[in-house]
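Undergrad:
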Amino acid sequence: MLKGKPFVKWAGGKRQIMAKLKKYIPDEFNVYYEPFVGGGALLFELSPKNAVINDLNKELMNVYECIKDENKYTKMCHELNHYETNHSKEFYFEIRNKDRDKNKFNKMADYKRAARTIYLNKACFNGLYRVNSKNEFNVPFNNKKKVNTYDAQNLGIIHSYLNFNNVKILSCDFEEAVKDAKKGDFVYFDPPYDSDAIIFNSYTEDGFGKEEQIRLSKVYRELDKKGCYVMLSNHNTKLINELYKDYNINIIEAKRNINSDGKKRGNVEELIITNYENKKDFFD
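Letter by letter, the sequence shown follows residues 4 to 287 of the working numbering.
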């Protein structure tokens with residue numbers, strides 16, 4: 004079976020550690036939940052028949068919605084073709100600045116907003132998605148003369164997957180996104196990462212700080228009590244080790260290519276935390 008791959012470059016993407024990540028996936032589960040879906044690397048790799056995907060970034064989730072919808076999908080691709088033809092530094096800033104006029108931006112057709120999101124992701128510096136306190140995209144231009152915004156075959160695979168399976172698409176708080184999870188469901192948390200230093204995590208205008216990490220750990224415990232399989236990825240920091248000290252903490256090495264400071268890109272230690280040790284014996 005052909006599997007899709009992320010259609011955007013997203014901070015914390017999991018494709019390059021997929022083989023390591025898959026070692027910790029439960030052998031069987033009912034509904035798959037991913038409250039911080041981002042580019043969807045694990046979602047597409049597993050291609051579960053029943054899934055609930057979510058991200059607080061409404062522009063990103065609008066892209067998923069448009070890829071799923073036949074009419075919007077076609078129009079979005081035509082719009083992307085137009086963007087590729089007109090690509091330039093001046094054009095990039097013209098498209099980037101469309102969210103400065105909130106009234107006009109909020110009235111923009113869904114497929115146009117989706118195309119804008121993909122184009123900016125492909126044409127901005129280092130594939131970074133960052134917004135300011137006004138929720139305005141503010142990443143510089145990448146200075147490339149040409150840009151390929153999408154792989155038609157890949158988007159076709161994703162379009163088919165979203166349509167021929169029961170995939171619910173949300174854009175809300177992570178706690179709200181998993182409220183219906185039940186015993187035997189699998190929840191994968193891949194939040195903006197914690198750090199012992201200051202790092203980029205402005206995926207939305209609200210950011211994701213220490214208090215949010217603590218709240219997430221409480222939701223993790225609640226799902227554990229329900230009998231859900233729960234897995235979480237994060238940086239190997241003092242706070243994360245303390246919050247999840249009662250669970251199975253596995254250390255892996257990953258390479259990170261998205262950081263505003265190029266010197267801070269490279270190999271880092273990540274944690275994969277599960278509430279199950281022997282997958283097959285979890286509910287015995």
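We put the beta carbon where it would ideally sit given N, CA and C, even for glycine.
Whole-angstrom Cβ separation of Leu-46 and Ile-275, contact assumed at under 8 Å?
TA: Incorrect: roughly 17 Å between the Cβ atoms, too far for contact.
Undergrad: Quick check on Ile-217: buried or exposed, where buried means 16 or more other Cβ atoms within 10 Å of its Cβ?
TA: exposed
Undergrad: Suppose you measure from the CA of Asn-168 to the CA of Gly-15; what does that come to, to the nearest Å?
TA: 26 Å
Undergrad: Assuming Asn-239 and Lys-258 are in contact, meaning their beta carbons sit under 8 Å apart, how far apart are those beta carbons, in whole angstroms?
TA: Rounded, the Cβ-Cβ distance is 14 Å, inconsistent with contact.
Undergrad: What residue range does the beta strand (DSSP E) around Val-55 cover?
TA: 53 to 57
Undergrad: Alpha carbon to alpha carbon, how far is Tyr-247 from Lys-213? Give it in angstroms, no decimals.
TA: Taking the straight line from one Cα to the other gives about 14 Å.
Undergrad: Hey, out of Asp-227, Ser-198, Asp-154, Lys-228, whose CA is closest to Glu-215's CA?
TA: Ser-198
Undergrad: Let me make sure I understand the geometry here. Which of Ser-163, Val-222, Phe-96, Asn-74 has the alpha-carbon closest to that of Asn-141?
TA: Phe-96
Undergrad: What residue range does the beta strand (DSSP E) around His-238 cover?
TA: Counting along the chain, the beta strand (DSSP E) containing His-238 begins and ends at 232 to 238.
Undergrad: Should Glu-288 and Met-21 be called a contact, given that it needs their Cβ atoms to be closer than 7 Å?
TA: The structure shown does not extend to residue 288, since the chain is modelled only from 4 to 287, so the question has no answer here.
Undergrad: Using beta-carbon positions only, say whether Val-66 and Ala-117 come within less than 7 Å of one another.
TA: yes
Undergrad: Inspect the beta-carbon positions of Leu-226 and Val-190 and report whether they are closer than 7 Å.
TA: Yes, Cβ-Cβ distance for Leu-226 and Val-190 is below 7 Å.
Undergrad: Helix, strand or coil for Glu-280 per DSSP?
TA: Residue state, collapsed to three classes: coil.
Undergrad: Name the DSSP bridge partner or partners of Tyr-250?
TA: BP columns for Tyr-250 are empty, so no partner.
Undergrad: Just the C-alpha distance for Asn-53 and Asp-183, rounded to the nearest angstrom, thanks.
TA: So the alpha carbons of these two residues sit roughly 13 Å apart.
Undergrad: Taking C-beta to C-beta, are Tyr-36 and Val-170 nearer than 7 Å?
TA: no
Undergrad: Measure the C-alpha to C-alpha separation of Asp-30 and Glu-178 and round it to an integer number of angstroms.
TA: 25 Å
Undergrad: Check each candidate in Asn-135, Leu-5, Gly-41, Lys-149 and name the one with the smallest Cα separation from Glu-87.
TA: Taking only the C-alpha atoms, the option nearest Glu-87 is Lys-149.
Undergrad: Helix, strand or coil for Met-21, going by three-state DSSP, please let me know.
TA: helix
Undergrad: Between Leu-83 and Tyr-164, how many whole angstroms is the CB-CB distance? I'm expecting something under 8 Å.
TA: With 8 Å as the limit, Leu-83 and Tyr-164 do not qualify as a contact, their Cβ atoms being about 20 Å apart.
Undergrad: Go to Val-66, then tell me how far its alpha helix (DSSP H) extends in each direction, as first and last residue.
TA: 61 to 71
Undergrad: Taking the beta carbon of Lys-228 as the centre, do at least 16 other beta carbons fall within 10 Å, making it buried, or is it exposed?
TA: exposed
Undergrad: Check Gly-7 in the structure and name its three-state DSSP category.
TA: coil
Undergrad: Among the candidates Pro-195, Asn-129, Gly-187, Glu-245, whose CA atom is the shortest distance from the CA of Ile-28?
TA: Gly-187
Undergrad: Can you list, in chain order, the residues of its chain with a C-beta nearer than 6 Å to that of Ile-161? Leave out the 5 residues immediately preceding and following it.
TA: Excluding sequence neighbours, Ile-161 sits near Gly-7, Ile-70.
Undergrad: Once you ignore the five residues that flank Phe-286 on each side, which residues in its own chain have a CB closer than 6 Å to its CB?
TA: Since pLDDT at Phe-286 reaches only 44, below the 50 mark, its modelled position is unreliable, and no value is offered.
Undergrad: Under three-state DSSP, which class holds Ile-28?
TA: coil
Undergrad: I'd like the ranges of any alpha helix (DSSP H) spanning at least 4 consecutive residues and lying wholly in the stretch 130 to 175.
TA: 155 to 167
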